[in-house]
Amino acid sequence: MAAAAAAGGRAMVLSHPVTFVTGNAKKLEEVRAILGNSIPFRSLKLDLPELQGEPEEISKEKARLAAKEVNGPVLVEDSCLCFNALKGLP
842 MAAAAAAGGR
852 AMVLSHPVTF
862 VTGNAKKLEE
872 VRAILGNSIP
882 FRSLKLDLPE
892 LQGEPEEISK
902 EKARLAAKEV
912 NGPVLVEDSC
922 LCFNALKGLP
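898 is the number that our numbering gives to position 57 of the sequence shown; each next residue is one higher, with no gaps.
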C-alpha cells in the first residue's frame, strides 16, 4: 500500500511503511499520538548493538543498521544522559 506525504511541497509516495524500531510500549504510544494516520508505520523490536559516541552519530548508525535489517525506511529513538562535570560522559 502506498501513501502520500507532503515533503518540501512535493508529494512523496512511500512504497513501504516506516518501521518504528522499539520494544517500549510507551514510546510506541507517543509516536502513534504524534503521527496519527499521517504516514503508514509499524513497530518492531530489534536487538541493535548498544553504541557509544555522540548522540547524533549514534542515531545515524542505529537508523542505518535498522534500515538494513528491515530493508526499508525506519524511525529510531535514542536518549542519553550526559554530565557537563564529566565532560559529557554518562
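For glycine and all other residues, C-beta sits at the position ideal for the given N, C-alpha and C. Computed from a prediction, not measured in an experiment: that's the story for all the values here.
Do you know how far the Cα of residue j is from the Cα of residue i?
i, j, result
"F882", "G894", "28 angstroms"
"E910", "K928", "34 angstroms"
"L869", "L887", "14 angstroms"
Taking the beta strand (DSSP E) that residue i falls in, what are its first and last residues?
i, result
"L885", "F882 to L885"
Count the other C-beta atoms from every protein chain shown that fall within 10 angstroms of the C-beta of residue i, then say buried if there are 16 or more, exposed otherwise.
i, result
"A926", "exposed"
"K903", "buried"
"A866", "exposed"
"A907", "buried"
Does the beta-carbon distance from residue i to residue j come in below 8 angstroms?
i, j, result
"V862", "L892", "no"
"P896", "D919", "yes"
"V915", "V859", "yes"
Hey, could you find the ends of the alpha helix (DSSP H) residue i is sitting in?
i, result
"V872", "A866 to L876"
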